[in-house]
Structures are given as C-alpha cells and as structure tokens.
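Okay, so here's the structure we're looking at.
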Amino acid sequence: MPETRLQAPSSLHLQSRATMAPLRIAIVGAGVGGPAAGVGLARSGHDVALYERAAGVGGVGFAFRIAPSSDRCLRFLGVDVFAPGAGAVLGGASRFLRPDGSLILEVQENARAEDREEKGLAAFAYRLGLQKQLIDEALKQGARVEMGVEVTSVDVDSCTISFADGSTSSVDLIIGADGVHPRYYQSCIRPYVVDSSIYFPKASTGDSCLRTMISCQAIRDDPITSNVINDKCGLVAWRAEDRLAVGYVTDEGKQFNLVCTHPEALSSSETSSGDDAEKTEYNQKISLEAAKEMYKNFDKALIRLLELADPGGFRVWKLMDMDDIPNWSRGRVVLLGDASHPVLPFGYAGASMAIEDAVTLAVLLPLGVQPAQIPDRLRLFEHLRRARAYKVRDESRKRAAGVQNAEVFNEYRDFLNMHDAVAYAEQALKEHEESASI
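Sequential numbering from 1154 applies to the sequence shown in this note's numbering.
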C-alpha cells in the first residue's frame, strides 16, 4: 500500500495552533521562487514542505540580475543578497556597445547606496549563493526541504501530490514553482492547472542562448580584456541586429557571467532532439570553436572572453517563453514564477518576477486563512501579478527583436525598479477584506 507522507508541524508551529491553525503547504521546486515562498509562508507560521527533484542546489543559469524591487522583497524575507558568502555584486555602470565595441549607451545604477532602505539596490546575484541563502532561511523558519524527491502527479480535487516512490501527501495548498522542465520545457504542475496541450513554452523569437563563466582575474590580467570590467562598470553588452552578448561580474567579484544569444539555427545541432522542434535538449555542451564562429564579427574583446573561458564549460539551449494562460490556479493549486510566466533573458527580470510572486503569496496568505478561502486568495494573487509579469515578457520579446533606445530603456528600468510588491499586496488584501465584510 503506498505510503502517505505526513506533513507534521514543527514545534515552532504547535504553539500557534491553539488560536489559528496553520495551512499545510507543499511547494514543488526549490530554485529561487519556491524557497522564497517557503521563507515567507513558514515565517507566517504555516507548515511548509519544499520538494526538489534535483539532488542538490544549482541549476541552469549561473547568475541573474536582481532588480531593486526584488532586493526589497528579499529583505522583507530576511535575506540580504550582499551578506558575506552570498555572492551578489552591487550593480554599477552598464555599458551597451555595438558589435565593434563602440558605445551606444551607458546607464548608472545604485548611484546612492544609502537609498537602499527606501528603493532597494540592483544586484547581480550568484545563483548558488542566493538559492542556498533562501533554503537555509526556509529551514530556519521551520520549513522542511527534501532534495532528490520527484513529484509525479497532482490530484487537484483532494489537493494531493504523488511522488515517484509511490507515496502521497495531502495538503491545503500546492505551489508549483518548478519552472520549465529540463527536458521538454514543461512544468510538472502546470498540466493540472491548464491544458498543457494548448498552453506550453515555445520558441517565440527563434533564439538560443549560450552561457559560460570566466575568471575575473583572468579578464583583468589579459591585455585585450583588461578594460572590459572595472570597479565602476560591472556589466557590458554587445548588440548586433540578430545577436546579443551580455556579461557581468558576480560571485563576490570572482566570476564573470557571459550570456550570448543568437538565431537558433546557428547552434541547432547542439539543441535539437529528433524532428519535434519543441522537444529540445536543455543545457547542452557546445565547443569553443562553434561559439567563436557565431560571434566572429564582433569586437575582439568578446572573442577573447570566449577564449578565456573553460573550453568544456559552454552550455547552449533554445530560449522559450509562453503566451498568456487563462488562469494561474485551479482549486488550491497555484503556479509561481516560470511555471506560469516564463520570460526571455532580454528583460533581465525572470528571477525578480518569481521573487515578487513569492512575497505576494506570503502577504495574501497570513496565519488564520482557512483552506476554503485559498481559491479566492489565489485569484487575488493572479489579479495582482498577471499584468506586471506579462509586461516583462512582452518587453523581453521587444528587446529580443532589437527594440531599444535610451528613453524606452529608462522607462522599462523604472517600471522594474520602483514597484513595491509587499506594500501593493498588503493594500490589496486590506481592500479585499474590507469589501468582503460589507
């Protein structure tokens, strides 16, 4: 007979049960958005379990940008991305160049570090460092984290998840934060919320992405690349009509994350899997020679950066996002982050959107919420997050097509940076409860 997993409350939660019963919450996916939601919900007093199919921390993507709005969200959760060992690097000047290296635009961020309390700071986060921070904080708040555990199915009506070992767990809320499936670009949870034969990630722009990491010391020591980064400039990007290369410093200044996008046909032999264009291999290796060939007409500094990287460290995959889905939740099952709104990297905000999703859910589900109230709160969550997440997706598509100038860039940057997800959710919840009491 299959085992039933008991989501037992921690001693931290037992004290609160006398007055307000905590929700039993299962979060599928322990990348960034899942653990962030786990921190917020466990801190509120709920019984939270995170399940991750990978055996340890890590995943596709070495680093990513954190917008000031998300820095505020993380501090709300008690997480400081600039803490020792976290790996994040403070954003500074960003230079946008033509393929030959001539300057198009320079943008300054974090001009006043003292503004952090009010506005937050932009950062280049190191994925492993932030993921570990969030998981450690979730554990500290009383959540349970199980790595190497695969969820195979969901029963929406009973709010039950089934695992690969045959066991099950019935809870009050299931959060699908499992992003994009490594092999077929499919969330495990999404098919139980929407029709996955209609709604699934697609190659909307026809681009693929190449990533690698380079030692910052090697960059500084090389005469060709020594001027690429300095104490004031941490990001540099080369833009051609159909190709983009973006690099920035991360991992406490030790590594340079280089992300290069290009038409998928240029690396199709590395990303294709059979005749089905949507069933593409993820995170595949590509040779240094192939990488250099794709960017051979670019600035010699970019070519040299590729040569300084580990020849076996290049990874490539097709870029996917997804059109609007009709709903982000069904019953007491909800999607978060890339599971509901995957975006292209051109908008520099995929991780930030997942973090904002996480704190919004945490605010809308305080201790005392009853299971019967959950579907209504999940609809409110979608109402608050949907337009913003899809705007990021649409702006990312525009940038993939080369639509960019100083005015448009600054408007989009302000849109990302100035939002206060916590205050927005708190005000919406207050208004929602007041209207319900009339």
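Beta carbons are placed, not taken as given, at the ideal position from N, Cα and C, and that holds for glycine. Since this is a predicted model, take the numbers as computed values, not measurements.
In this structure, DSSP gives residue 1422 a helical state, which the three-state scheme calls helix. Where residue 1545 is concerned, the enclosing alpha helix (DSSP H) starts and stops at 1527 to 1553. In this structure, the CA atom of residue 1501 is about 18 Å from the CA atom of residue 1511. For residue 1379, there is no enclosing alpha helix (DSSP H), as DSSP marks it with neither H nor E. 1474 is the residue among 1571, 1570, 1474 and 1520 whose C-alpha sits nearest the C-alpha of residue 1543.
DSSP places residue 1408 in the uninterrupted beta strand (DSSP E) bounded by 1408 to 1416.
The Cβ atoms of residue 1324 and residue 1312 lie closer than 8 Å to each other. The criterion of a C-beta distance shorter than 8 Å is satisfied by residue 1546 and residue 1496. Within the same chain, 1533 and 1537 come within 7 Å of residue 1581 by CB-CB distance, once the 5 residues on both sides are set aside. Considering only 1506, 1553 and 1253, the residue with the shortest C-alpha distance to residue 1540 is 1506. Here residue 1387 is not near residue 1399, since their CB atoms are 8 Å or more apart. Between residue 1317 and residue 1203, the C-beta gap is not smaller than 8 Å, which leaves the two residues out of contact.
Taken atom to atom, the span from the alpha-carbon of residue 1364 to that of residue 1217 is near 12 Å. Short of 7 Å from the beta carbon of residue 1555, and not among the five residues preceding or following it, lie these beta carbons of its own chain, in chain order: 1394. Taking each of 1264, 1465 and 1352 in turn and checking the Cα distance to residue 1492, the smallest one comes out for 1352.
Each residue's CA atom was taken as its position, placing residue 1462 and residue 1238 some 23 Å apart. Between the C-alpha atoms of residue 1300 and residue 1201 there is a straight-line separation of about 14 Å. For residue 1362, the enclosing beta strand (DSSP E) begins and ends at 1360 to 1368.
Residue range 1574 to 1590 is occupied by the alpha helix (DSSP H) that includes residue 1577. In this structure, 1378 is the residue among 1361, 1357, 1378 and 1359 with its C-alpha nearest to the C-alpha of residue 1367. Taking 8 Å as the cut-off, the Cβ atoms of residue 1444 and residue 1467 count as close. Counting every other CB atom within 10 Å of its CB across the protein chains shown gives residue 1305 a total below 16, marking it as exposed. Residue 1412 has its alpha-carbon roughly 25 Å from the corresponding atom of residue 1233.
Annotated three-state conformation of residue 1521 is coil, per DSSP. Taking C-beta separations shorter than 6 Å and ignoring five residues to either side along the sequence, the partners of residue 1249 in its chain run 1257, 1258 and 1390, following chain order.
Under a 10 Å Cβ-count criterion, residue 1417 is classified as buried, with 16 or more other Cβ atoms of the shown protein chains found around its own Cβ. Distance from the CA atom of residue 1174 to the CA atom of residue 1520, rounded to whole angstroms, is 7 Å. Its chain contains 1185, 1188, 1189, 1192 and 1232 as the residues whose beta carbon lies nearer than 7 Å to that of residue 1287, once the 5 sequence neighbours on both sides are disregarded; these appear in chain order.
C-alpha of residue 1263 to C-alpha of residue 1228: approximately 17 Å in a straight line. In the DSSP assignment, residue 1447 falls outside any beta strand (DSSP E) and lies within the alpha helix (DSSP H) extending over 1441 to 1447. Residue 1300 is bridged by DSSP to 1205. Here DSSP, grouped into helix, strand and coil, assigns residue 1284 to helix. Apart from the 5 residues on each side of it in sequence, residue 1527 sits with its Cβ closer than 7 Å to the Cβ of 1325, 1326 and 1485 in its chain, given in chain order.
Short of 6 Å from the beta carbon of residue 1260, and not among the five residues preceding or following it, lie these beta carbons of its own chain, in chain order: 1247. With distances taken between CA atoms, residue 1481 lies nearest to 1343 out of 1309, 1515, 1396 and 1343.
Here the alpha carbon of residue 1448 sits roughly 13 Å from the alpha carbon of residue 1251.
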